[in-house]
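Asker: In numbering that gives the first Met the number 0, the protein residues as written are 0 to 145.
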Amino acid sequence: MERYRHRQFAGFILGGLLVAGAACAVAGALDPEARWVLLLAVVFITLALLFNSLTVRVTDKHLEWWFGPGFLRKRVLLAALGGVEVTETRLIEGWGVHLTSRGWLYNISGFGAVLVTREDGERFMLGSDEPEALAEAIRSALQATR
């Protein structure tokens with residue numbers, strides 16, 4: 000059973016990628032010697048499609064998340080989780096998908112996040128514009144599994 004699902008849209012990242020893609024497309028179309036810039040336009044627009052949102056889902060058994068149409072889909076068993084806490088990402092941790100000092104970060108926009116600790120000690124952060132609701136959904140699902 001699905002307990003929680005939330006989709007957060009990229010906002011500034013999406014806008015920046017689309018503007019960069021459009022600028023590259025125009026530059027490539029206007030200058031015959033700079034047609035290679037059209038390839039950059041395709042890259043920026045593809046990134047915009049893949050990273051336009053971050054969806055997080057909590058079911059009775061799993062915590063799942065993915066970008067855009069299902070890109071970089073991840074799933075962990077709730078039984079493998081040790082704890083969850085609301086946190087804020089630091090400016091230096093940025094956005095996107097990458098390793099930080101607090102584990103892997105999956106973030107599309109803003110600084111709100113949930114820090115998840117697995118039973119084995121591994122940690123990761125899920126960015127969210129409603130981190131309290133996400134943390135509560137995970138805690139509630141964890142209590143139901145134990």
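Where is the CB? At the ideal position from N, CA and C, for every residue including glycine.
Rounded to a whole number of angstroms, what is the C-alpha to C-alpha distance between Tyr114 and Lys60?
Answerer: Taking the first residue of the sequence shown as position 1, residue 114 is located at position 115. Taking the first residue of the sequence shown as position 1, residue 60 is located at position 61. It should be pointed out that residue 114 corresponds to Leu in this sequence rather than to Tyr. Answer to the nearest angstrom: the Cα atoms are 19 Å apart.
Asker: In angstroms with no decimal places, state the Cα-to-Cα distance between Thr86 and Ala22.
Answerer: To locate residue 86, count along the sequence shown from 1; it is residue 87. To locate residue 22, count along the sequence shown from 1; it is residue 23. Their Cα atoms are separated by approximately 36 Å.
Asker: Return the CA-CA distance between Ile12 and Ala47, expressed in angstroms with no decimal places.
Answerer: On the sequence shown, position 13 is the one that residue 12 refers to. On the sequence shown, position 48 is the one that residue 47 refers to. Cα to Cα, the separation comes out at about 8 Å.
Asker: Could you work out which residue in Glu1, Gly20, Ala78 is closest to Asp119 when comparing CA atoms only?
Answerer: Translated into positions along the sequence shown, residue 119 becomes position 120. Ranking the options by Cα distance to Asp119, first place goes to Ala78.
Asker: Suppose the cutoff is 7 Å on Cβ atoms and the five residues either side in sequence are ignored; what does the same chain contact list for Gly168 look like?
Answerer: Summary: the structure shown does not reach residue 168, with the chain confined to residues 0 through 145, and so no result is reported for it.
Asker: Distance check for Asp30 and Ala112, CA to CA, integer angstroms please.
Answerer: Here residue 112 corresponds to residue number 113 of the sequence shown, with the count starting at 1. Here residue 30 corresponds to residue number 31 of the sequence shown, with the count starting at 1. Spanning the two alpha carbons is a distance of roughly 43 Å.
Asker: Less than 8 Å separating the beta-carbons of Leu53 and Tyr105?
Answerer: In the sequence shown, counting from the first residue as 1, residue 53 sits at position 54. In the sequence shown, counting from the first residue as 1, residue 105 sits at position 106. In this structure, Tyr105 lies closer than 8 Å to Leu53 by Cβ.
Asker: Which whole runs of the beta strand (DSSP E) in the segment 47–94 are 3 residues long or more, in chain order?
Answerer: Within the segment 47–94, the complete beta strand (DSSP E) runs of at least 3 residues are 52–58, 61–66, 70–76, 80–87.
Asker: Looking at the ligand FMN, does it come within less than 7 Å of Gly69, judged from the CB to the closest heavy atom?
Answerer: The ligand FMN is absent from the structure shown, which contains no ligands of any kind.
Asker: Suppose you measure from the CA of Arg56 to the CA of Glu63; what does that come to, to the nearest Å?
Answerer: On the sequence shown, position 57 is the one that residue 56 refers to. On the sequence shown, position 64 is the one that residue 63 refers to. The alpha-carbon atoms of Arg56 and Glu63 are separated by roughly 5 Å.
Asker: Taking 8 Å as the cut-off, decide whether the C-beta atoms of Leu37 and Gly27 are in contact.
Answerer: Here the question's residue 37 lines up with position 38 in the sequence shown. Here the question's residue 27 lines up with position 28 in the sequence shown. Result yes, Cβ atoms of Leu37 and Gly27 sit closer than 8 Å.
Asker: Here's the rule I'm using: 16 or more other beta-carbon atoms within 10 Å means buried, otherwise exposed. How should Met0 be labelled?
Answerer: Translated into positions along the sequence shown, residue 0 becomes position 1. When all chains shown are included, Met0 counts as exposed.
Asker: When you compare only the Cα positions, how much space is there between Gly109 and Lys73?
Answerer: Position 110 of the sequence shown, counting from 1, holds the residue named residue 109. Position 74 of the sequence shown, counting from 1, holds the residue named residue 73. Cα to Cα, Gly109 sits roughly 21 Å from Lys73.
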